[in-house]
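The structure appears right after this line, and notes come after that.
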Amino acid sequence: YRLSLFTHSSLTLFKKMSLLLTFLYVFLCNSVSLSSSLSLHFPLTSLRLTPTTNSTSPLQTSLVSRRNPSLSSAQYSFRSNFKYSMALVLSLPIGTPVQTQELVLDTGSQLSWIQCHRKKKKPPTTSFDPSLSSSFSDLPCSHPL
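For the sequence shown, the working numbering begins at 93 and goes up steadily by one.
Take a look at the structure:
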């Protein structure tokens with residue numbers, strides 16, 4: 093009979109921990125060297141969703157019209173009893189050079205969409221102009237991202 097120092101489960105745990113520590117070490121080494129150039133800060137604000145005649149932004153107008161379908165030209169057949177009066181909004185820097193976009197923080201979705209335009213017609217005030225960004229690229233639907 094052989095006496096094993098580690099059981100199978102403790103050996104597996106040891107392998108996972110060593111792998112985790114390796115990734116942590118690499119991440120910390122990279123973040124120390126990039127710390128002066130890599131910093132993300134997203135100010136989070138709340139936006140009261142009240143139907144007003146002089147909305148402060150197209151984003152607020154859009155959110156209010158979704159909250160009150162009677163204010164929108166599109167009618168929805170589904171109605172929910174859920175009512176909300178606040179939305180969490182972040183100012184997100186996108187592109188190179190940075191174009192700041194307002195984005196509603198949606199915790200129920202993995203994806204976030206921004207309004208984007210091409211130069212064919214006058215853009216809305218809050219849309220992202222990809223022609224001004226050196227880091228923009230089109231991704232096909234088959235892209236793994």
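Glycine included, C-beta positions come from ideal geometry on N, C-alpha and C. Please read these numbers as outputs of a predicted model, since none were measured by experiment.
Rounded to the nearest angstrom, how far is the Cβ of residue i from that of residue j, given a contact under 8 Å?
{"i": "Gly187", "j": "Leu224", "result": "7 Å"}
{"i": "Leu203", "j": "Val181", "result": "The Cβ separation is near 17 Å, so there is no contact."}
Relative to the C-alpha of residue i, which candidate in the options has its C-alpha closest?
{"i": "Pro222", "options": "Thr192, Met178, Leu203", "result": "Thr192"}
Please state whether DSSP places residue i in a helix, a strand or coil.
{"i": "Leu224", "result": "helix"}
{"i": "Thr114", "result": "helix"}
{"i": "Gln193", "result": "strand"}
{"i": "Leu180", "result": "strand"}
{"i": "Pro236", "result": "coil"}
Once the 5 residues before and after residue i are set aside, which same chain residues still bring their CB inside 7 Å of it?
{"i": "Arg140", "result": "Ser177, Met178"}
{"i": "Ser227", "result": "Gly187, Thr188"}
Within the same chain, show all residues whose beta-carbon is closer than 8 Å to that of residue i, passing over the 5 residues directly before and after it, in chain order.
{"i": "Ser234", "result": "none"}
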